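Here our numbering is used: position 700 in the first sequence is 872, and no number is missing along the way.
We put the CB at the ideal spot given by N, CA and C, even for glycine.
Please read these numbers as outputs of a predicted model, since none were measured by experiment.
The structure under discussion appears below in the form of structure tokens.
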Amino acid sequence: MPTGSDTPDSRSHFIRNIIEADLADGTHETVVTRFPPEPNGFLHIGHAKSICLNFGMARDYQGRCHLRFDDTNPTTEDERYVASIQRDVQWLGFDWGDHLYHASDYFERLYAFAEQLIAQGDAYVDSQDGEAIRDNRGTVTEPGTPSPYRSRSPEENLTLFREMRAGAYGNGAHVLRAKIDMASPHMIMRDPILYRIRHTDHYRTGGAWCIYPMYDFAHCLSDAIEEITHSLCTLEFENNRRLYDWILERCLPAEQQATRPHQYEFARLNMDYTVMSKRKLLRLVEEGLVDGWDDPRLPTLAGLRRRGVPPSAIRTFCDRIGVAKANSRVEIALFEHVLRDDLNYRSPRIMGVLDPLKVTITNYPAGETEQIEAPHWPRDIDNDGSRTVPFGRELYIEREDFRMDPPDGFYRLAPGREVRLRHAYFLRCDDVVRDGDGEVVELRCTYDPDTKGQTKARDGRRPKGIVHWVSAAHAVPATVRMVDRLFSVPNPEAHEEDFTAFLNPHSMPIAKAMLEPAVRDFPAEQRLQFERQGYFWRDADATDEALVFNQIIPLRDSWSAEEETADAPTGPTKEEIEAANPQIHTDPAAAFTDAQNARLQAFTEEFGVARDDAVQLIDTPHLADYLEAALDGYHEAQAVANWILNELMGMVSPTELPDLPFTPEQFGVLVRQVDTDEITGRVGKDVLAAMLERGVDPQDYIAAEGLHNIDDEDALREIIDAQLSAYPGKVEAYRNGKEGLLGFFMGHVMRETNGQADPQTAQALLRNALTADTSTAAQ
RNA sequence: UGCCCCGUAGCUUAACCGGCAGAGCACCUGUCUCUGGAACAGGAGGUUGGAGGUUCGAGUCCUCCCGGGGCAGCCA
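Structure follows, in structure tokens:
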């Protein structure tokens, strides 16, 4: 059996599992997802995660994904964002086909649903002002108080609501609220507002409406209208799911309930060295801290596009970061890795010197030029193509490839040292020319004419260092924006100071570079590798006369990483965490009433139930009663208690106990079957599940299905031997000390017997068989 | 402090009904190489937040504790 697929686009995650389960059990025949941006800002790489997830699931399961503008708030939304969002989604490589929708298209239908709720008595018009509504909502620890308008009749509500629509009232005079529960422990359920009056033109519906639906009302119903199957959103909407379900359960007819949309939440993307919130991004742009929404340092899709990041790299990245529910923050290193990996295979190499240092080759004839044929691709990339590079007496090399006093491990140029010029000759530094300030302004060198294209000179010289270069006479000057991390700390939001305090002052230094002439041979959108430096492409500001490049990402540089002093930030140690982790156990029995205490005494002393279990049983409603009733089926109270607490509670909640499709006595009988080894615990759980699902009687069911446990040693031995010979390698590994494999074999034996193998017997036999010598086991 | 969600290697995560804790990135070694890149080979790194319990067997089920996040907009 293949152990899980690990190709990037079939990576396993909980949403994929849910979809596959829904498809497998026929809940849905196809998958329909949606990406629902609000047109009030630009998309960033966090949105890319959602886009890739939604469109990706639709693609993987041959479903469809809608692009829906969630435009229910006319005061913040704007047409201009709509176009940019569509462009970004397309650029990322996704196609919504005919499925472009707007929540505003549904205003009429949403309104009808609102009238339906009113008619059902599930919604009412509240005429309190905003402040009163807020005050009466209560707090997380105190219940809210019902509005004085809460008990208006459906007729009155309908009249008022129609008048609201007709424009009879000013902003804020009334709202429509769901009638749920002002004392709910879930704040979202304290009569949430469904509609508000807003005398504002909408960018699409103009002045047609002066009441607008709230997100919670519009979103779930829009999903239902579009027959969305899986409504995927980020974690901050977890609490809203309760209301999502409430509305759909009341608005949709019974026959649609089974296939109605369901909401699932996943963790939004956070990344080191950047910020992802719309508000913070907006501040950077508006305060002029960056140069517009498409500044190449920004994580906006527009910024990444301008920087030169290919959409394929973003897609791969989104596949690799995973989809889960834990709040997380991914290291920038993963993004950089994926980016380099993408660029490596698509970027022809040329040479470019970013910080030029002049070199004069004193033994090369003045005024002479030669053309060197150099491949665009290294040998490990399956791609052809080459260019000619002019070589002459005067070159530029990278300033940092020369050191007056080379440190240990530095194997580039230094006084008296020899390096290889990439694609050309060996070069030795003879003299260093400095200006009045001591600054190195020129290197005077000699080359070895016999070493062209060689790794080794005839006399065996073999310089380790390789240096890129550009002929001074032919160099093409260019401005290069050295795009770097926007912030100088991994999480600029995790400090007391405003996040802008952590902007990296060197996030985009400008280099005056010299490039080899072949740079002009490529179309503007071609991404290039400047050898030994990084990946670059032409910026939108570039003209053919004045070249401007952006650095998309530098190459990995193990030398400068080594040279940098390691200053890894250290978090709290495990010891420190443990020290701050006291175990305080407050005994619930301390608050027991006299009656409860009496019961506790009876449970522990008469029934012999462990105190902790008894306390839990008594402290949770229904549990203690259930235990006493189950005793009619089986008198061993501790066994029954274990099964209630550990098994039953894993399947149902205490409040469901009175309505179970079987009696407590039947439950007791089930426990007896297990406790007396009539059936195994494993089978007991299966039987319990069947009782829960179909209300079967345990004894009848066990007899009818033949579920009694198997303790016949010969029968078990046969099964065990079969398993052992099926996995000789595992047997070997077990004998070599990997005892965890006992569980592996037990698992197989249990599965083989549908869980009916008596575990003690089976394990004893298995242990014997595994430790027996090979000749015996093989028989 | 009420309710909801989440804790698996430095980071992001996998693990079908409870059955061998497994990857990628990062890190370290080595090989190869006309990019200090790439590729390849290897290594280290885990008390699955903690403590109890159920079970032949717990990352997975039950209880409690600790830690992180979310909810009191007429935003989405």
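Three-state secondary structure (DSSP) of Asp267: Three-state result, Asp267: coil.
Burial state of Ala813, where buried means 16 or more other Cβ atoms lie within 10 Å: With 16 or more Cβ atoms within 10 Å of its Cβ, Ala813 is classed as buried.
Collapsed DSSP secondary structure at Ser449 in the structure displayed: Reduced to three states, the DSSP call for Ser449 is coil.
Strand pairing of Leu938, partner residues [DSSP]: Beta bridge pairing from DSSP links Leu938 with no other residue.
Classification of Met576 by the beta-carbon crowding that lies within 10 angstroms, buried from 16 upward: Here Met576 is exposed: its Cβ has fewer than 16 other Cβ atoms, across all protein chains shown, within 10 Å.
Three CB pairs or more closer than 8 Å across the region 280-288 and the region 304-312: By the criterion of at least three beta-carbon pairs nearer than 8 Å, the region 280-288 is not in contact with the region 304-312.
Opening and closing residue of the alpha helix (DSSP H) in which Glu437 lies: Element bounds for Glu437: not the alpha helix (DSSP H) but the beta strand (DSSP E), His434 to Phe438.
Sub-9 Å separation of Phe279 and Tyr384 beta-carbons: The answer is yes: Cβ separation under 9 Å.
Alpha-carbon to alpha-carbon, Val642 and Phe598: Their Cα atoms are separated by approximately 15 Å.
Beta carbon of Gly706 nearer than 9 Å to that of Ile682: No. Outside cutoff.
In DSSP terms, what Trp731 is bridged to: DSSP, once it has assigned bridges, lists no residue as partnering Trp731.
Sequence-distant residues of its chain with Cβ nearer than 6 Å to Arg606 (five each side left out): Cβ neighbours of Arg606 beyond the five flanking positions: Val612.
Per-residue burial, Asn329 [other beta carbons within 10 Å of its own, 16 or more giving buried]: Buried, because 16 or more other Cβ atoms sit within 10 Å of the Cβ of Asn329.
Cβ-Cβ distance between Thr199 and Gly235 below 9 Å: Gly235 sits away from Thr199, with the two beta carbons spaced by 9 Å or more.
Cutoff 6 Å; reference Glu590; Cβ partners in own chain excluding five residues on either side: If we look at Glu590 and ignore the five residues flanking it on each side, its Cβ neighbours are Phe598, Arg600 and Pro635.
Beta-ladder partner(s) of Met686, from DSSP: Per DSSP, Val525 and Pro649.
Ala193 versus His402 - alpha carbon distance: Distance between the alpha carbons of Ala193 and His402 is about 12 Å.
Val846 - containing alpha helix (DSSP H), residue span: That run of the alpha helix (DSSP H) goes Pro836 to Asp847.
Outcome for Gly316 when other beta-carbon atoms lying within 10 angstroms are tallied against a minimum of 16: Buried, since its Cβ has 16 or more Cβ neighbours within 10 Å.
Residues that DSSP places opposite Ala345 in a beta bridge: Under DSSP, no beta-bridge partner is assigned to Ala345.
Short Cβ contact (9 Å threshold) for Ile504 with Arg657: Arg657 sits close to Ile504, with the two beta carbons spaced by under 9 Å.
Three-state secondary structure assigned by DSSP to Pro695: It is coil, neither helix nor strand.
Within 9 Å, strictly: CB atoms of His185 and Val495: Yes; because the gap between Cβ atoms is below 9 Å, this pair is in contact.
The beta strand (DSSP E) enclosing Leu511, as first and last residue numbers: Per DSSP, Leu511 belongs to no beta strand (DSSP E); it is in the alpha helix (DSSP H), Ile504 to Asn516.
Beta strand (DSSP E) runs wholly inside the region 363-439, at least 3 long, in chain order: Complete beta strand (DSSP E) runs here, min 3: 365-369, 383-385, 402-406 and 434-438.
Alpha-carbon to alpha-carbon, Ala650 and Val720: Approximately 6 Å, taken between the alpha carbons.
For Val148, three-class secondary structure by DSSP: Any answer about residue 148 is impossible in this case: the structure gives the chain only from 173 up to 951.
At least 3 beta-carbon pairs within less than 8 Å: the region 669-680 vs the region 708-720: Too few Cβ pairs lie closer than 8 Å, so no.
Exposed unless 16 or more other CB atoms sit within 10 angstroms - verdict on His358: His358 is exposed by the Cβ-count criterion.
Three-state secondary structure assigned by DSSP to His920: Collapsing the DSSP output to three states places His920 in a helix.
As assigned by DSSP and simplified to three states, the class of Met443: Strand, per DSSP.
Minimum C-alpha distance to Leu453 - residue among Phe659, Gly912, Arg939 and Tyr806: The closest CA to that of Leu453, considering only Phe659, Gly912, Arg939 and Tyr806, is found on Phe659.
Alpha-carbon to alpha-carbon, Ile400 and Ala690: Each residue's Cα considered, the two are about 52 Å apart.
Three-state secondary structure assigned by DSSP to Thr627: Correct three-state label for Thr627: coil.
Gln804 versus Thr202, Gln838, Thr372 and Leu420, residue with shortest Cα-Cα distance: In the sequence under discussion, the amino acid at residue 804 is Asp, which differs from the Gln named in the question. For Asp804, the nearest C-alpha among the options comes from Gln838.
Validate contact between the region 813-829 and the region 778-793 using beta carbons, cut 8 Å, 3 pairs: For the pair of segments examined, the region 813-829 was found to touch the region 778-793: the number of CB pairs separated by less than 8 Å reaches three.
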